[in-house]
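Numbering (the working numbering), first residue to last: 49 to 157.
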């Protein structure tokens, strides 16, 4: 999936309000799906948000170098996501992209 915004802009929090961006160091589906549900309940109609998995944050800013995720873990992560998506009522499937930045892979949800 092509992102509607430049990944570097997301990492620097430009053009998107910081309350629409969550940085997650690693894949933790319980915490990540709480954020997905919060972004899906877009009461203010601001377009949801972005979750960047594999990005550690410090004081709300993406920490460089990026932590990244193992590309080999993507199949497991996608299986996890299918299971969690099926638990959301009404059914919701977030958009997902894998981006390579600074030689590391990050998952953008």
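Each residue gets a CB set at the ideal place from its N, CA and C atoms; glycine is no exception.
query, result
"What separation, rounded to the nearest whole angstrom, lies between the Cα atoms of residue 158 and residue 137?", "Given that the chain is displayed from residue 49 to residue 157, the structure contains no residue 158 and the question cannot be resolved."
"Per DSSP, what are the beta-bridge partners of residue 156 in this structure?", "100 and 145"
"In terms of residues, what are the limits of the beta strand (DSSP E) holding residue 69?", "69 to 72"
"On the DSSP bridge list, what partners appear for residue 110?", "105"
"For residue 39, report the span of its alpha helix (DSSP H) as first-last.", "Here the chain comprises residues numbered 49 to 157, so residue 39 is not present and cannot be evaluated."
"If the criterion is Cβ atoms closer than 8 Å, does the pair residue 72 and residue 80 meet it?", "yes"
"Per DSSP, what are the beta-bridge partners of residue 117 in this structure?", "153"
"Have a look at residue 57 and residue 118 and give me their C-alpha separation to the nearest angstrom.", "23 Å"
"Please state if the CB of residue 146 and the CB of residue 129 are separated by a distance shorter than 8 Å.", "no"
"Do residue 53 and residue 114 have their beta-carbon atoms positioned less than 8 Å apart in this structure?", "no"
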